[in-house]
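In our numbering, the protein residues as written are 118 to 639.
So this is what it looks like as structure tokens:
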């Protein structure tokens, strides 16, 4: 069985994967390839539930998707800007945003969709990011099969030039018959402001990725741009500001191209009061259960060898973010602790993970340890209580970090610990997802496969589309897929690996310069 598993190249779709989603209520995984075939799989077994062919019409590539909060609906966005909403259980189409008459072929290609919390029943609200950097809100009503765009965020990039770091917002004068989570806004700008034209740096300020935070006290949209600038829309304070510019925090090599600072993914890290309470309960343990030198959040799971963790089979809930029931033995912590301000994490083209306050202060700049030099990061993911952080890169590596203690002020950077890294694919990873209840990691790649891994040790479980059913609960002998030859790396001491990489000018082999050298062979 092991030989049969490892000799076959993992194959979930015929073409590269564009989208992977996990529906925690249905316990199902949705995958979409560049050939625009939607497939839904059972997580427990790996069996295919159903598939949808050409969901946006003939030869129209689906580029993004999202699952709503209830798990009953999912939305898909396509290369031509069209959006469709589907019933997750049956795969039946429910609503559609048709293509605009004057749209160019790829002008409105959708990069990201996010379902918003609707404030009225039987309506859907979706936040969409287009390839051109436009962020817009799409609404679906119960009695209408057509979706409609109800607002677009104004282009703030021209107004954040020339040293200006913030622009104020005001509510739009247009009438609103419904309550929406992010109001329609206009920029308050000086009348004599002249918008620059033909500025070559403007294109580098185009938004490349977004994330949002909708919790009590915060109503935020964060955007990462192609040249590393972070833009924060704050709908509570009615401002939009440039949180960070690369030149503000780093001594930049003038010969370095701005694309090295490109932000490929951005993520809010916020721990709710309920999760903070659960975290404080976890910290009440005996000396035999947790090591005081590491604090309550690291624990033995991050330091064990892979074989030890298999034998003992008992890992800390902190490392993998497993939720625990409320402990009634400690009534003193029944009151919910106050939630700490959110922080931002960005995944960059230069391979660095960077963590920021909302004011733009750099908290941590980390180059994850893998067997190779700095590799561009492509995807970020965190669990429901923000205890772990997952990242994927263009060479197929998965990086697993413990951020539980780091999130507590004063955000001691030594408490940000990389635990594991492993090679999951031979090609670029486009999405990583952590499934808390099963303690597994899902990875999707441009190689056309979606694979399953044990989060505790990076051991391979299988891939969606294989003939044999998954056996997630059983401990198996260590195997690797046939296109991967590297073993997982467990980071036992931070100083041994990550601190060695704190350099400003890493030595990177430049193949082009090497090939230009006129070698003479006598």
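Yeah, the Cβ is synthetic: ideal placement off N, Cα and C, and Gly gets one too.
For clarity, every value in this text was computed on a predicted model and none was experimentally measured.
**Request:** Would you identify the three-state DSSP class for residue 366, choosing helix, strand or coil?
**Result:** Position 249 of the chain shown, counted from the first residue, corresponds to residue 366. Residue placement at residue 366 is poorly supported in this model, since its pLDDT is 44, which falls under 50; the coordinates are not used for a value here.
**Prompt:** If residue 520 and residue 504 are in contact, beta carbons under 8 Å, what's the gap, nearest whole angstrom?
**Reply:** One-based indexing of the chain shown puts residue 520 at position 403. One-based indexing of the chain shown puts residue 504 at position 387. Between residue 520 and residue 504 the beta-carbon gap is near 7 Å, inside 8 Å, which marks them as a contact.
**Message:** Just to confirm, is the Cβ distance from residue 494 to residue 574 under 8 Å?
**Reply:** Taking the chain shown and counting its residues from 1, one reaches residue 494 at position 377. Taking the chain shown and counting its residues from 1, one reaches residue 574 at position 457. Going by beta carbons, residue 494 and residue 574 fall outside the 8 Å limit.
**Request:** Could you tell me whether the region 228-245 touches the region 163-176, where touching means 3 or more Cβ pairs closer than 8 Å?
**Result:** The region 228-245 and the region 163-176 do not touch, with fewer than 3 CB-CB distances between them shorter than 8 Å.
**Message:** Counting C-beta neighbours from all protein chains within 10 Å, is the total for residue 187 16 or more, i.e. buried, or is it exposed?
**Reply:** Locating residue 187 in the chain shown gives position 70, where the first residue counts as 1. Only exposed fits residue 187, as fewer than 16 other CB atoms lie within 10 angstroms of its CB.
**Message:** Could you tell me the alpha carbon to alpha carbon distance between residue 139 and residue 522, rounded to whole angstroms?
**Reply:** Indexing the chain shown from 1 puts residue 139 at position 22. Indexing the chain shown from 1 puts residue 522 at position 405. Rounded to whole angstroms, residue 139 to residue 522 spans 27 Å at the Cα level.
**Message:** So, with DSSP's three-state summary, where would you put residue 296?
**Reply:** Position 179 of the chain shown, counted from the first residue, corresponds to residue 296. Coil, per DSSP.
**Prompt:** Helix or strand or just coil, what does DSSP make of residue 496?
**Reply:** Within the chain shown, numbered from 1, the residue matching residue 496 stands at position 379. Note: residue 496 maps to strand in three-state DSSP.
**Request:** Can you have a look at residue 585 and say buried or exposed, based on whether 16 or more other CB atoms are within 10 angstroms of its CB?
**Result:** Mapped onto the chain shown, residue 585 falls at position 468. Exposed, by the Cβ-count rule.
**Request:** Report yes if the C-beta distance between residue 264 and residue 212 is below 8 Å; otherwise report no.
**Result:** In the chain shown, residue 264 corresponds to position 147, counting from 1. In the chain shown, residue 212 corresponds to position 95, counting from 1. Cβ atoms of residue 264 and residue 212: closer than 8 Å.
**Request:** Taking only the alpha-carbon atoms, compute the straight-line gap between residue 268 and residue 596 and give it to the nearest angstrom.
**Result:** For the purposes of this step, residue 268 is taken as residue 151 along the chain shown, with counting starting at 1. For the purposes of this step, residue 596 is taken as residue 479 along the chain shown, with counting starting at 1. Answer to the nearest angstrom: the Cα atoms are 50 Å apart.
**Message:** Would residue 457 and residue 526 be called neighbours here (beta carbons separated by less than 8 Å)?
**Reply:** Locating residue 457 in the chain shown gives position 340, where the first residue counts as 1. Locating residue 526 in the chain shown gives position 409, where the first residue counts as 1. The Cβ atoms of residue 457 and residue 526 sit closer than 8 Å to each other.
**Message:** Can you check which of these residues, 566, 486, 227 and 501, is closest to residue 508 by C-alpha distance?
**Reply:** Here residue 508 refers to the residue found at position 391 of the chain shown. Considering only alpha carbons, the answer is 486.
**Asked** Can you tell me where the beta strand (DSSP E) with residue 283 in it begins and where it stops?
**Response** Along the chain shown, one-based indexing puts residue 283 at 166. Its beta strand (DSSP E) spans residues 283-288.
**Asked** How about the region 541-551 and the region 474-490: do they share at least three Cβ pairs that are nearer than 8 Å?
**Response** Look at the beta carbons and you see the region 541-551 not touching the region 474-490: under three pairs across the two are nearer than 8 Å.
**Asked** At which residues does the beta strand (DSSP E) containing residue 556 begin and terminate?
**Response** In the chain shown, counting from the first residue as 1, residue 556 sits at position 439. First-last for residue 556: undefined, no H or E at that position.
**Asked** Of the residues 162, 198 and 323, which one's Cα is nearest the Cα of residue 342?
**Response** For this step, residue 342 is matched to residue 225 along the chain shown. Selected option, being the one with the closest Cα: 323.
**Item:** Three-way DSSP call (helix, strand, coil) for residue 378 in this model
**Value:** Residue 378 sits at position 261 when you count from the first residue of the chain shown. Helix.
**Message:** Which of the three DSSP states is assigned to residue 504 in this structure?
**Reply:** Residue 504 sits at position 387 when you count from the first residue of the chain shown. Residue state, collapsed to three classes: coil.
**Beta-bridge partners of residue 509, as assigned by DSSP** = For this step, residue 509 is matched to residue 392 along the chain shown. DSSP output for residue 509 lists 496 and 515 as bridge partner(s).
**Message:** Check for me: the beta strand (DSSP E) holding residue 136 runs from which residue to which?
**Reply:** By one-based count along the chain shown, residue 136 stands at place 19. Per DSSP, residue 136 belongs to the beta strand (DSSP E) from 134-140.
**Request:** State the beta-bridge partners of residue 196 as determined by DSSP.
**Result:** In the chain shown, counting from the first residue as 1, residue 196 sits at position 79. Under the DSSP definition of a beta bridge, residue 196 lacks any partner.
**DSSP-derived helix/strand/coil call for residue 233** = Counting from one through the chain shown, the residue named residue 233 turns up at place 116. Here residue 233 sits in coil by DSSP.
**Item:** Residue range of the unbroken beta strand (DSSP E) whose run includes residue 257
**Value:** Here the question's residue 257 lines up with position 140 in the chain shown. For residue 257, the enclosing beta strand (DSSP E) covers residues 252-258.
**Message:** Since residue 476 and residue 537 should fall inside the 8 Å C-beta cutoff, what is the C-beta to C-beta distance between them, to a whole number of angstroms?
**Reply:** Indexing the chain shown from 1 puts residue 476 at position 359. Indexing the chain shown from 1 puts residue 537 at position 420. At roughly 32 Å, the Cβ-Cβ gap does not stay under 8 Å, so residue 476 and residue 537 are not in contact.
**Request:** Please go through the region 529-605 and give each complete beta strand (DSSP E) segment of 3 or more residues, from N-terminal end onward.
**Result:** Those beta strand (DSSP E) runs which fall completely within the region 529-605 and span 3+ residues are 534-540, 546-552, 557-562, 567-571 and 577-580.
**Request:** Could you check the C-alpha separation between residue 145 and residue 243 for me, to the nearest Å?
**Result:** Position 28 of the chain shown, counted from the first residue, corresponds to residue 145. Position 126 of the chain shown, counted from the first residue, corresponds to residue 243. Approximately 21 Å between the Cα atoms of the pair.
**Request:** With DSSP as the reference, label residue 415 as helix, strand or coil.
**Result:** In the chain shown, the residue the question calls residue 415 occupies position 298. Caution applies to residue 415, whose pLDDT of 32 falls short of 50 and renders its modelled position unreliable; the model cannot decide the point.
**Request:** Could you check how far apart the C-beta atoms of residue 569 and residue 580 are, in whole angstroms? I think they sit under 8 Å.
**Result:** The residue given as residue 569 occupies position 452 in the chain shown. The residue given as residue 580 occupies position 463 in the chain shown. Rounded to the nearest angstrom, the Cβ distance from residue 569 to residue 580 is 7 Å, consistent with a contact under 8 Å.
**Request:** Report yes if the C-beta distance between residue 330 and residue 351 is below 8 Å; otherwise report no.
**Result:** By 1-based counting over the chain shown, the position of residue 330 is 213. By 1-based counting over the chain shown, the position of residue 351 is 234. Residue 330 places its beta carbon 8 Å or farther from that of residue 351.
**Prompt:** Since residue 326 is in the beta strand (DSSP E), which residue starts that stretch and which ends it?
**Reply:** Here residue 326 refers to the residue found at position 209 of the chain shown. Annotation: the continuous beta strand (DSSP E) that includes residue 326 extends over 324-332.
**Asked** Which one of 604, 276 and 582 has the shortest CA to CA distance from residue 163?
**Response** As a first step, residue 163 is located in the chain shown; it is residue number 46 there, counting from the start. It is 582.
**Item:** Short Cβ contact (8 Å threshold) for residue 387 with residue 459
**Value:** Within the chain shown, the letter at position 270 stands for residue 387. Within the chain shown, the letter at position 342 stands for residue 459. Taking 8 Å as the cut-off, the beta carbon of residue 387 is found closer than this to the beta carbon of residue 459.
**Request:** Starting from residue 351, follow its DSSP beta bridges and name the residues at the other end.
**Result:** Locating residue 351 in the chain shown gives position 234, counting from the first residue. Answer is 337 and 356.
**Asked** For residue 393, which three-state DSSP category applies?
**Response** Locating residue 393 in the chain shown gives position 276, where the first residue counts as 1. DSSP places residue 393 in the helix class (H, G or I) of the three-state scheme.
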